[in-house]
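*Asks:*
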């Protein structure tokens, strides 16, 4: 048996004799299994609830009676953001961004009813998911198991006899490293088994799954190397423990919590009230379709009459009020898209800054890689918002087109007792409108989005290995 194997076996035996360590490993394994089961159950419940509510919303929309099309525009429609197949492993920003959106004419609403707004504030500190256990809890356990791996030998004075008996510094470090790596594999195994079971449903892609597995393997390997490195550099176990706990607190707790605040201060985002006021101001400047003297709509009226070769709106072959609705919705939607683009650009700047801070915290890099591969990052939320807005615009314009084609201008402007009945069109028109179908991203898009975070993790791991190699060489010269 090689020296590395002997040292690794001896290290594992010491860990096994430590009842506190064995109990901690067992509790973590149980916690991981509980996280897998609860996260899976929770996400399945959310998915079933959203599917049920979406079916009810679709039924309520299609069950409307005969109506004027513009009333249907203001009646609106609810849509729900579907969950990705890997959301049970890493739900990402879903709990914060909301999952429901109300679609209506003349407005571009945002999503609502996020879990954080409806639950205890403790949800903000992290949900019990397999991803959270591997990101925050597993490194802490590895620290308590391995902080004294090499420092113990130095403190007790057993390192020099080991070297004199022929064990090289590389063998000693390799054995300690291998023992802790085996424990890390044991700690991560239940979460990975749960990940495989969770991802074994329709819609899961092999590429993103491989990226997530590689990211968490690199993350745990980084902690194994970092723990061994710190234990090699210091002479006392207490100093190693304090240094590693400080490293864990800063990289796992402090920086991930502070980074969004720093990004928010560097690139402030207008709140909903400020945005609504700005949009209302710009809408007044754009023009008023109800004002016959408004320059834009006066020009639109003249162009419409010229296109159809008539001199009065009453002579148009279509309902002029429907044409006004089409033009007005197109104008307001362009304005909404402009403000949404500004908001997305600010979010992109914030995320870029957080990615930069991720160079100082492997945990931030891991979270970004994990959420990106799972499709639960902000890009996934933005994808939902953009598809929802495209659907809203198409739906409202279909209804405006129905007003232009199926309702006469004479009936639309009439004030007599029977005018309201004549303005209505058949309810079968609502039933023929298409339902919202979210188009998920392809595997290539998810993999490309996760590569920056994975690259930072691998860079950290390479740097730690190089530092450990130098520390090992110095240890051999003692």
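Residue numbers (my numbering): -14 to 463. Note that the Cβ used here is the ideal one computed from N, Cα and C, for glycine as well.
1) Report the partner residues of residue 86 according to the DSSP bridge assignment.
2) So, for residue 367: in the same chain, excluding its five sequence neighbours on each side, which residues have a beta-carbon less than 7 Å away from its beta-carbon?
3) Which residues in the same chain have their Cβ closer than 6 Å to the Cβ of residue -10, if we skip the five residues on either side of it in sequence?
4) Taking the Cβ atom as the reference point for each residue, do residue 160 and residue 374 lie within a distance shorter than 8 Å?
5) In three-state DSSP terms, what is residue 433?
6) Just the C-alpha distance for residue 6 and residue 88, rounded to the nearest angstrom, thanks.
7) Touch check for the stretch 431 to 451 and the stretch 193 to 204: three-plus C-beta pairs under 8 Å?
8) Can you give me the Cβ contacts of residue 67 inside the same chain, cut-off strictly under 6 Å, excluding the 5 residues immediately before and after it?
9) According to DSSP, simplified to helix, strand and coil, what is residue 52?
10) Out of 84, 164, 363, 16, point me to the one whose CA is closest to residue 38's CA.
11) Could you please give the first and the last residue of the uninterrupted alpha helix (DSSP H) stretch that includes residue 289?
12) Excluding the 5 residues preceding and the 5 following residue 58 in the sequence, name in chain order all residues of the same chain whose CB lies nearer than 6 Å to its CB.
13) Tell me which same chain residues have a C-beta within less than 6 Å of the C-beta of residue 137, skipping the five on either side of it?
14) Kindly identify the DSSP beta-bridge partner or partners of residue 92.
15) Quick one: what's got a C-beta closer than 8 Å to residue 404's C-beta in the same chain, skipping five residues either side?
16) Which word fits residue 8, buried or exposed, when buried means at least 16 other C-beta atoms lie within 10 angstroms of its C-beta?
17) Out of 127, 255, 181, 296, which has the shortest C-alpha to C-alpha gap to residue 170?
18) Whole-angstrom Cβ separation of residue 46 and residue 62, contact assumed at under 8 Å?
19) Note down, in chain order, each residue of its chain lying with its Cβ closer than 7 Å to the Cβ of residue 295, except the 5 sequence neighbours on either side.
20) Checking 8 Å against the spacing of the C-beta atoms, do residue 229 and residue 132 come in under that value?
21) Check for me: the alpha helix (DSSP H) holding residue 267 runs from which residue to which?
22) Could you check how far apart the C-beta atoms of residue 190 and residue 428 are, in whole angstroms? I think they sit under 8 Å.
23) Leaving aside the five residues before and after residue 512 along the sequence, list all residues of the same chain whose C-beta is less than 6 Å from its C-beta, in chain order.
24) Taking only the alpha-carbon atoms, compute the straight-line gap between residue 11 and residue 320 and give it to the nearest angstrom.
25) Find the nearest neighbour of residue 178 within the set 214, 21, 64, judged by alpha-carbon distance.
26) Extract the residue ranges of the alpha helix (DSSP H) inside the stretch 407 to 431, only unbroken runs of 4 or more that lie entirely within it.
27) Taking the alpha carbon of residue 115 as the reference point, which residue from 414, 425, 359 has its own alpha carbon closest?
28) Could you check which residue in 174, 166, 438, 40 has the C-alpha nearest to that of residue 64?
29) Under the rule that 16 or more other beta-carbon atoms within 10 Å means buried, what is residue 50, buried or exposed?
30) Can you tell me the Cα-Cα spacing of residue 102 and residue 76, whole angstroms?
31) Quick test of your reading: residue 357 and residue 438, contact by CB under 8 Å. State the CB separation rounded to the nearest angstrom.
32) Using a Cβ-Cβ cutoff of less than 7 Å, which residues in the same chain neighbour residue 306 once the five nearest sequence positions on both sides are dropped?
33) Tell me the residue span of the alpha helix (DSSP H) that contains residue 133.
34) What's the C-alpha gap between residue 259 and residue 206?
35) So, is residue 105 buried or exposed, given that buried needs 16 or more other C-beta atoms within 10 angstroms?
36) Give me the Cα-Cα distance between residue 251 and residue 335, rounded to the nearest whole angstrom.
*Replies:* The structure says:
1) According to DSSP, residue 86 bridges with 64.
2) 329
3) none
4) no
5) helix
6) Within the model, the alpha-carbon separation for residue 6 versus residue 88 is close to 54 Å.
7) yes
8) Excluding positions up to five away in sequence, the list reads 423.
9) strand
10) For residue 38, the closest C-alpha among the options 84, 164, 363, 16 is that of 84.
11) 280 to 293
12) 90, 381, 384
13) Leaving aside the five residues that flank residue 137 on each side, the residues in its chain whose CB is nearer than 6 Å to its CB run, in chain order, 222.
14) 89
15) Hits under 8 Å: 396.
16) exposed
17) 127 is the residue among 127, 255, 181, 296 whose C-alpha sits nearest the C-alpha of residue 170.
18) 5 Å
19) 301
20) yes
21) 257 to 271
22) 4 Å
23) Here the chain covers residues -14 to 463 and nothing more, so residue 512 does not appear.
24) 57 Å
25) 21
26) 413 to 416
27) 359
28) In terms of Cα proximity to residue 64, the closest of 174, 166, 438, 40 is 40.
29) exposed
30) Residue confidence for residue 102 is low, a pLDDT of 45 falling below 50, so the modelled location carries little weight; the figure read from the coordinates is stated next. Spanning the two alpha carbons is a distance of roughly 16 Å.
31) 7 Å
32) These residues qualify, in order along the chain: 388, 394, 397.
33) Note, residue 133: premise wrong, no alpha helix (DSSP H); not H, not E.
34) 46 Å
35) Any reading at residue 105 is ruled out, since the residue's pLDDT is 43, under 50, leaving its predicted position unreliable.
36) A straight line joining the alpha-carbon of residue 251 with that of residue 335 spans about 8 Å.
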